[in-house]
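K.L.:
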């Protein structure tokens, strides 16, 4: 299990699911989890911060989508909120602007209102907040 946690940061839920494959008695599972936490192989905060950085900077996901995926992995809401400082506000706005411009640019030939609507829907699907999208200069310019 240590090798499983060293390869990539894991949350408690992922480790517990992996241990189910080994058909261990509950006492052994608990002992293994305690060992992994004590030795630093399993750290929920480190996992959360790494996950947030990776999903935002590599996949351009917004806060909403990242939050939902972390909740589905059993990460507490309080920890998720604490770790969102991993995303720089300026980078967040730049990402929205870039995605808006790129996606709207691919929708040539459509009326402005339809292009704006499709672009906003795309960004909402990527997990960005509606208020943040509306604050984007490209949105107000009618791109």
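In our numbering, the protein residues as written are 187 to 329. Just so you know, even glycine gets a beta-carbon here, dropped at the ideal spot from N, CA and C.
Under 8 Å, do residue 178 and residue 250 count as touching if we go by C-beta distance?
P.N.:
Limits of the chain in this structure are 187 at one end and 329 at the other, which puts residue 178 out of reach.
K.L.:
Measuring only the C-alpha atoms, how far is residue 285 from residue 309?
P.N.:
Whole-angstrom Cα-Cα distance: 8 Å.
K.L.:
For residue 218, which of helix, strand or coil comes out of DSSP?
P.N.:
Looking at residue 218 - three-state DSSP - the assignment turns out to be helix.
K.L.:
Can you tell me which of the three DSSP states residue 277 falls into?
P.N.:
Reduced to three states, the DSSP call for residue 277 is helix.
K.L.:
From this set, 269, 306, 277, 204, which residue's C-alpha is nearest residue 287's C-alpha?
P.N.:
Out of 269, 306, 277, 204, 306 has the C-alpha closest to the C-alpha of residue 287.
K.L.:
Quick check on the burial criterion: 16 or more other C-beta atoms within 10 angstroms. Buried or exposed for residue 271?
P.N.:
Per the 10 Å Cβ criterion, exposed.
K.L.:
Contact check, residue 302 vs residue 316 under 8 Å by CB: the rounded distance?
P.N.:
13 Å between Cβ atoms; not a contact.
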